[in-house]
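Numbering (the working numbering), first residue to last: 9 to 388.
This is how it looks when you write it as structure tokens:
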């Protein structure tokens, strides 16, 4: 039986060997380690940006969406979009996708591009009150986000919202992670997945599958190479990130389990990095505050995570939030992370390449091995 320590040693040796000897990786490793960031702002006087999502466009550009308001569920809320130009490495001017007065208010966005190139934008549409009065609506674009269809309601039940992007199951079928926030204080919350069968932009049928856990909300889905789907979720109890697996494309889910990764009741997102065989997650590594915003990886499909680096944080104040991240890997191999920065003053966009990630994973593993036997650090 292979022990965890033995597995760790084998993995480190494999990473070093791949970086140094595998031709495909050697080409990537010639490129220097790269990491940079920029800011994305809502137009002036249009409120604080939050609830963002990203999708890759043709040619390698990136479409980002978010909602902006002075306060959550205020009537002036709008949904904006902006395109990051790969050639210029810069964001274009933000524009309105869903205007104010579409509903009482609007919220979280989640993007998906289907096999026909149609971009789906799912968003929270508040019809009455606050988030407890929200439906899940969607709009579509067939021209890379330039124009959008009139919004339609997908989920008519109240208190339902999106947060993270759907995943593709097969041509014409996606699996969307949604959650319920009908009455947060009384625990009328939870997570579920919905299969959406579609053709040329038309919704043909939907089917929902609920999880029996009222502390898991805002799920994110990660397809694993063994056919399972990993679900990671925000913890309503402000303890640890929650985890589940599905072996049948989201129809049934294992009972939610607590990971050993802290969560202050804030959103998480994750992807699978095929080249390194890791789950890459971005989250808030704290029990108390949305600070710091941390990048971590898992070697075992989400059972255990190791911290890589803090992408943002303020060690002097837990009152400053860096939260609601979304992460993606584009077809050119680069990684993009977008999050609400400094209490929603802006959206911050971080970009790094595979070499930076390889080096960071190796460094994190070396530190983890060196720290064995030492006391665990006290969390902020």
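Built from N, CA and C at the ideal position, the CB exists for glycine as well.
Item	Value
So, using beta-carbon positions, are residue 61 and residue 173 closer together than 8 Å?	yes
Would you mind listing the beta strand (DSSP E) stretches within the stretch 56 to 95 that are 3+ residues and don't spill past its ends, in chain order?	56 to 64, 70 to 77 and 86 to 93
Is residue 29 helix, strand or coil when you go by DSSP?	Since pLDDT at residue 29 reaches only 35, below the 50 mark, its modelled position is unreliable, and the value read off the structure follows with that caveat. Residue 29 falls in the helix class under three-state DSSP.
Thinking C-alpha only, which one of 98, 55 and 67 is nearest residue 338?	67
Which first and last residues belong to the alpha helix (DSSP H) in which residue 223 is found?	Run containing residue 223: none; DSSP gives neither H nor E here.
Short of 8 Å in beta carbon distance, which residues of its chain neighbour residue 352, apart from the five on each side in sequence? Order them along the chain.	56, 57, 58 and 329
Please identify the residue among 273, 216, 150 and 262 whose C-alpha is closest to the C-alpha of residue 3.	What is shown of the chain runs 9 to 388, which leaves residue 3 out entirely.
Could you give the distance in angstroms between the alpha-carbon of residue 171 and the alpha-carbon of residue 378?	37 Å
Hey, out of 314, 85 and 216, whose CA is closest to residue 183's CA?	216
Which of the three DSSP states, helix, strand or coil, is assigned to residue 122?	coil
May I have the straight-line CA-CA distance separating residue 92 from residue 281, to the nearest angstrom?	22 Å
How would you label residue 313, buried or exposed, when you count the other beta carbons within 10 angstroms and need 16 or more for buried?	buried
In the DSSP assignment, the beta strand (DSSP E) including residue 133 goes from what residue to what residue?	127 to 134
For residue 292, does the three-state DSSP call read helix, strand or coil?	strand
Where does residue 380 sit, in a helix, a strand or coil, going by DSSP?	coil
Would you tell me roughly how many angstroms separate the C-alpha atoms of residue 20 and residue 263, rounded to the nearest one?	Its pLDDT being 48, under 50, residue 20 is placed unreliably in this model, and the coordinates cannot settle the point.
From residue 369 to residue 305, what does the alpha carbon distance come to, in whole angstroms?	8 Å
By Cβ distance below 6 Å, which residues in the same chain neighbour residue 367 in space, the five residues on each side in sequence not counted?	41
For residue 160 and residue 146, I'd like the C-alpha separation in whole angstroms.	5 Å
Touching or not, the stretch 281 to 292 and the stretch 203 to 222, by the rule of three or more beta carbon pairs under 8 Å?	no
According to DSSP, residue 200 sits in a beta bridge with which residue or residues?	186 and 218
On the CB-based measure, 16 or more other CB atoms within 10 Å of its CB, does residue 121 come out buried or exposed?	buried
From the DSSP output, in three-state form, read off residue 264 for me.	coil
So, using beta-carbon positions, are residue 70 and residue 344 closer together than 8 Å?	yes
Tell me the DSSP secondary structure of residue 369 in three-state form.	helix
Figure out for me which residue from 99, 115 and 341 has the closest Cα to the Cα of residue 76.	115
Mapping the DSSP letters down to three states, classify residue 282 as helix, strand or coil.	coil
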